[in-house]
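Participant: The sequence shown begins at 1 in UniProt numbering and counts up by one. Sharing a structure below in structure tokens format, with a few things to ask.
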Amino acid sequence: IRLIFPIWKDKGQCVADVTNTLSLQFNDDLETRIFGYGYKILPAGTMDTCASGVLVYGVSRFTSLVRWFRVGDRKYIVKGRLGVQTSTYDATGDVVGTAPYEHITGTDMKNVFVQSLGEFEQNRPPPPDSVVASTVVAKRPVVCHSIELASLEPPDFKLEVHCGAGCNMRSLVHDIGKALGSMAHVTSLERHQHGPFTLEHALPSYRWSWEEVVAHSEALRPLWYPYMTEMAKSMHDKPHLYQGRA
1 IRLIFPIWKD KGQCVADVTN TLSLQFNDDL ETRIFGYGYK ILPAGTMDTC ASGVLVYGVS
61 RFTSLVRWFR VGDRKYIVKG RLGVQTSTYD ATGDVVGTAP YEHITGTDMK NVFVQSLGEF
121 EQNRPPPPDS VVASTVVAKR PVVCHSIELA SLEPPDFKLE VHCGAGCNMR SLVHDIGKAL
181 GSMAHVTSLE RHQHGPFTLE HALPSYRWSW EEVVAHSEAL RPLWYPYMTE MAKSMHDKPH
241 LYQGRA
């Protein structure tokens, strides 16, 4: 058995809970414990609890199956708010600072996007349960291919972001606010592409039966099998961008 399939994760769900739900569903459908045969249900990366969207899973005896998707590109729709910093860089945290934002224009925002494009070192965000302003530590190399300003109605804005694995949207928005001479935090986050899979491919929770997952994985094989070959080449050519993530 070797399955690759994308699911839709709802806002408020943590990845561990989604994995447990899939495990219980598969065990019930198969009338046996899938782990008893050495198989693992493997999420291809993480996603903030506050985020919704496409998350890739694999079923295999080998964790290496999902490595190609763990390091793959993502696309996000990110909504943010200017003038306010929170302890978590998103709407779940406590307000730890405010700053003027009335001076900021769409042109200003587009001009500062340049600092977060291409390959760069990004600060890790504070943990989701942080209650104080975090000291920024542990920069890591990431890549961001594009940032588009979809709308700006101060203090609120919306971005469309195409990035590599590990590029954190909370840190991205925080850094944009800082570069604008203000502050900013994420108010809503949706991943609408993970690797080769988009929203149309993502299975909602009512379709997480073993039978449907197997059929869905097979139907999507023309997408995910060539993608694995493509990612293997990319990892060989630019290993520094994937170090510690595969």
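Backbone N, C-alpha and C fix where the C-beta goes; we use that ideal spot for every residue, glycine too.
1) Can you find at least 3 beta carbon pairs, one from the segment 115-126 and one from the segment 137-151, that sit closer than 8 Å?
2) Starting from the C-beta of residue 184, find all residues in its chain whose C-beta is less than 7 Å away, skip the five residues before and the five after it, and write them out in chain order.
3) Curious, which full-length alpha helix (DSSP H) runs of at least 4 residues does the UniProt domain "Pseudouridine synthase II N-terminal" (44-167) contain?
4) Can you give me the Cβ contacts of residue 85 inside the same chain, cut-off strictly under 8 Å, excluding the 5 residues immediately before and after it?
5) Measuring CA to CA, which of 58, 196 and 158 is closest to residue 226?
6) Could you say which of 54, 147, 17 and 49 lies nearest to residue 187 if we only look at CA atoms?
7) Taking all protein chains shown into account, do 16 or more other C-beta atoms lie within 10 angstroms of the C-beta of residue 75, making it buried, or fewer, making it exposed?
8) With a threshold of 7 Å on Cβ separation, who are the neighbours of residue 10 within its own chain once the five nearest residues in sequence on each side are excluded?
9) Using a Cβ-Cβ cutoff of less than 7 Å, which residues in the same chain neighbour residue 147 once the five nearest sequence positions on both sides are dropped?
10) Whether or not the segment 214-226 and the segment 22-40 are in contact is what I'm after, with contact meaning three or more pairs of Cβ atoms, one per stretch, closer than 8 Å; do they touch?
11) Tell whether a beta-carbon distance below 9 Å holds between residue 189 and residue 90.
12) When you compare each of 104, 222 and 34 to residue 155 by their alpha carbons, which one comes out closest?
13) Any idea if residue 131 is buried or exposed, counting beta-carbon neighbours within 10 angstroms, 16 or more meaning buried?
14) Is the Cβ-Cβ distance between residue 3 and residue 217 less than 9 Å?
15) Name, in chain order, the residues that DSSP records as bridge partners for residue 208.
16) Could you tell me the alpha carbon to alpha carbon distance between residue 17 and residue 233, rounded to whole angstroms?
17) Assuming residue 54 contacts residue 6 (C-beta within less than 8 Å), just tell me the rounded distance between them.
18) When burial is assigned at 16 or more other CB atoms within 10 Å of the CB, is residue 249 buried or exposed?
19) Hey, would you say residue 236 sits closer than 9 Å to residue 69, going by beta carbons?
20) Taking all protein chains shown into account, decide if residue 151 is buried (16 or more other Cβ within 10 angstroms of its Cβ) or exposed.
21) Out of 210, 220 and 222, which one is the CA nearest neighbour of residue 28?
22) Quick one: grab the DSSP three-state call for residue 22.
23) By the 10 Å Cβ neighbour count, where 16 or more other Cβ atoms means buried, how is residue 62 classified, buried or exposed?
24) Less than 8 Å between the CB atoms is what I'm expecting for residue 57 and residue 22, so what's the real figure, rounded?
Facilitator: Quick look at the numbers:
1) The segment 115-126 is in contact with the segment 137-151.
2) For the purposes of this step, residue 184 is taken as residue 184 along the sequence shown, with counting starting at 1. So the qualifying residues of the chain are 80, 81, 82, 173, 174, 176 and 177.
3) Runs of the alpha helix (DSSP H) spanning 4 or more residues and lying entirely within the UniProt domain "Pseudouridine synthase II N-terminal" (44-167) occur at 67-70 and 106-112, in chain order.
4) Working through the sequence shown from its first residue, we reach residue 85 at position 85. Only 95, 96, 97, 98, 99, 133, 174, 177, 183, 184 and 185 meet the Cβ criterion.
5) Residue 226 sits at position 226 when you count from the first residue of the sequence shown. Comparing Cα-Cα distances from residue 226 to each of 58, 196 and 158, the minimum goes to 196.
6) Looking up residue 187 in the sequence shown gives position 187. Nearest option by C-alpha distance: 49.
7) If you number the sequence shown from 1, residue 75 lands on position 75. The residue in question, residue 75, is buried, as its Cβ has 16 or more Cβ neighbours within 10 Å.
8) As a working note, residue 10 is residue 10 in the sequence shown. Result list for residue 10: 52, in chain order.
9) As a working mapping, residue 147 is identified with position 147 in the sequence shown. Counting only Cβ-Cβ distances below 7 Å, and skipping sequence neighbours, we find 113, 116, 117, 159 and 161.
10) no
11) For this step, residue 189 is matched to residue 189 along the sequence shown. For this step, residue 90 is matched to residue 90 along the sequence shown. Their beta carbons are under 9 Å apart, which means residue 189 touches residue 90 by this criterion.
12) For the purposes of this step, residue 155 is taken as residue 155 along the sequence shown, with counting starting at 1. If we check each option's Cα against that of residue 155, 104 comes out closest.
13) If you number the sequence shown from 1, residue 131 lands on position 131. Low confidence applies to residue 131: its pLDDT is 48, below 50, so where it sits in the model is not reliable enough to give any reading.
14) Stepping through the sequence shown from its first residue, residue 3 is reached at position 3. Stepping through the sequence shown from its first residue, residue 217 is reached at position 217. Yes, the pair counts as a contact, with Cβ atoms nearer than the cut-off.
15) In the sequence shown, counting from the first residue as 1, residue 208 sits at position 208. Residue 208 pairs with nothing; no bridge assigned.
16) Your numbering for residue 17 matches position 17 in the sequence shown. Your numbering for residue 233 matches position 233 in the sequence shown. The C-alpha of residue 233 is placed about 33 Å away from the C-alpha of residue 17.
17) Working through the sequence shown from its first residue, we reach residue 54 at position 54. Working through the sequence shown from its first residue, we reach residue 6 at position 6. At roughly 5 Å, the Cβ-Cβ gap stays under 8 Å, so residue 54 and residue 6 are in contact.
18) Lying outside 1 to 246, the shown extent of the chain, residue 249 is not represented and no answer is given.
19) Counting from 1 along the sequence shown, the entry for residue 236 is found at position 236. Counting from 1 along the sequence shown, the entry for residue 69 is found at position 69. Going by C-beta atoms, residue 236 is not nearer than 9 Å to residue 69.
20) For the purposes of this step, residue 151 is identified with residue 151 of the sequence shown, where counting begins at 1. Label assigned to residue 151: exposed.
21) To locate residue 28, count along the sequence shown from 1; it is residue 28. Minimum Cα distance to residue 28 is reached at 210.
22) Start at 1 with the first residue of the sequence shown, and residue 22 comes out as number 22. The answer is helix: DSSP assigns residue 22 an H, G or I state.
23) Within the sequence shown, residue 62 is the residue found at index 62, counting from 1. Exposed is the call here.
24) What you label residue 57 is simply residue 57 of the sequence shown in a count that begins at 1. What you label residue 22 is simply residue 22 of the sequence shown in a count that begins at 1. That belief holds up - the Cβ atoms of residue 57 and residue 22 are roughly 7 Å apart, short of 8 Å.
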